[in-house]
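Here is the structure we will look at, set down as structure tokens.
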Amino acid sequence: MANSIRVLLDDIRKNRAIYLMVLPVVLYFFIFKYFPMYGAVIAFKDFSPAKGIWGSDWVGFQHFKDFFQSYYFIRVLRNTFLISFYNLIFGFPAPIILAILLNELRQKLFKSIVQTVSYLPHFISIVVISGLIIDFTNRGGIVNSIIMFFGGQDSALMNNAENFRTIFVSTSVWQELGWSSIIYLAALSGINPELYEAVRVDGAGRFRQIWSVTLPGLIPTIMILLILRIGGLMEVGFEKVVLLYNPNTYETADVISSFVYREGLAQGNDYSYTTAVGLFQSMINFILLISANSLSRRFSGNRLW
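Numbered according to this note's numbering, the sequence shown spans residues 1311 to 1615.
Dropping the structure here:
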């Protein structure tokens, strides 16, 4: 132990500039991510602002039991899982395909234009994106105009619960497609060009080069990002859901995070109860992360730790 501390101090003295650059990041995570975690204890208490966190009465797992027995439990759990699962199925491979296609382009100007256009949605405010989605899917909007062109009927698509998941997932894929491809493009730039030369000598065409060199070169990056994605499978950002849903679509749109926001902050009903719901969601994500990492280490040899 003493030897490890001495080695660490020596390393800090030698690389003090690097440690200074890391310091703001460490402080950010400690102050805004780890320090507030002590507040999760109110999930096991009947929290009263007047008594404070530690002065409030303990209630054990009562809030968890109330959530499991509530009408909303099955609905928000099902919606959260389905939206996350569809995002994983359609949203995870899309950036990989885009990165491979961009890597195969030889026209640098066209490649730059495609990259810029695909990155832009990531930088647009979620409020603006949600406003555009509502306008485009309203009666007379561009989406309805296309549907009517092919013989469909004009309707307010976002008022139909059956349409919510499709619109939510497809716009999420469009929004993050380009930005998520950056890390795969970086991984592709690290592949040794001599490997492509070797398979070309063997007579491999473009598709064979992608299959034999590009994909194997991307596998470690794909597996790490897949583990992280599975670790957040039960986490759907509440901002976009809250901006897009309405009472007509609660049945398919209400997820755990939007339920916590509505019950805990918007209506201010019960902080302890909604903290218990959020803690339950975090525990599922933690279990999924551990499981995904173990399976990846066993079957592919890639792991986070």
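A virtual CB, placed ideally from N, CA and C, is assigned to each residue, including glycine.
Asked                                                                                                                                                               : Found
What separation, rounded to the nearest whole angstrom, lies between the Cα atoms of F1377 and Y1583?                                                               : 8 Å
Are I1537 and R1613 close, meaning C-beta to C-beta below 9 Å?                                                                                                      : yes
Shortest alpha-carbon distance to I1297 belongs to which of W1615, F1609, R1518 and F1590?                                                                          : The question about residue 1297 has no answer here: the residues shown for the chain are numbered 1311 through 1615.
Around the Cβ of K1324, are there at least 16 other Cβ atoms within 10 angstroms (buried) or fewer (exposed)?                                                       : exposed
Reducing DSSP to helix, strand and coil, say where W1368 ends up.                                                                                                   : strand
Of all the options A1409, S1606 and S1610, which has the alpha carbon lying nearest to the alpha carbon of S1499?                                                   : A1409
Going by CA-CA distance only, name the one from R1518, L1495 and I1457 that's closest to I1407.                                                                     : L1495
Out of V1552, G1547, G1588 and E1573, state which residue places its alpha-carbon closest to the alpha-carbon of N1297.                                             : The chain is shown only over 1311 to 1615; residue 1297 falls outside these bounds and no answer can be derived.
Since I1529 contacts M1544 with CB under 8 Å, what's their CB separation in whole angstroms?                                                                        : Contact flag wrong, Cβ pair sits at about 26 Å.
If you draw a straight line from the C-alpha of K1421 to the C-alpha of G1541, how long is it?                                                                      : 33 Å
Quick one: what's K1355 bridged to in DSSP?                                                                                                                         : W1368
State the DSSP-derived secondary structure class of A1327, mapped to helix, strand or coil.                                                                         : helix
Are the beta-carbon atoms of S1435 and G1488 separated by less than 9 Å?                                                                                            : no
Can you look up F1609 in the DSSP assignment and give me helix, strand or coil?                                                                                     : helix
Skipping 5 residues on each side, what residues in its chain have a beta carbon closer than 7 Å to that of Y1263?                                                   : No information on residue 1263 is available, as it lies outside the stretch 1311 to 1615 that the chain covers here.
Using CA atoms only, rank isn't needed, just tell me which of G1365, Y1338 and L1337 is closest to G1349.                                                           : G1365
Against chain B, does V1336 count as a neighbour if the rule is that its beta carbon must be under 9 Å from one of theirs?                                          : Among the protein chains of the structure shown there is no chain B, as only one such chain exists.
Restricting to runs no shorter than 4 residues, where is the alpha helix (DSSP H) found entirely within the stretch 1469-1502?                                      : 1471-1499
Are the CB atoms of M1533 and S1604 nearer to each other than 9 Å?                                                                                                  : no
Using the beta-carbon count (16 or more within 10 Å), is V1551 buried or exposed?                                                                                   : buried
What residue does the alpha helix (DSSP H) around A1404 start on, and which one ends it?                                                                            : P1403 to E1414
Just how far apart, CA to CA, sit E1549 and Y1555?                                                                                                                  : 10 Å
Go ahead and label M1593 buried or exposed: buried means 16 or more other beta carbons lie within 10 angstroms of its beta carbon, across all protein chains shown. : exposed
For Q1463, which three-state DSSP category applies?                                                                                                                 : coil
What does the alpha-carbon distance come out to for the pair S1394 and R1388?                                                                                       : 10 Å
Out of S1482, V1351, L1598 and R1316, point me to the one whose CA is closest to G1401's CA.                                                                        : S1482
Using 10 angstroms around the beta-carbon of I1322, count the other beta-carbons present and answer buried if the total reaches 16, otherwise exposed.              : exposed
Hey, F1374 and A1576: beta-carbon distance below 9 Å or not?                                                                                                        : no
Could you say which of G1588, H1432 and P1403 lies nearest to Q1485 if we only look at CA atoms?                                                                    : H1432
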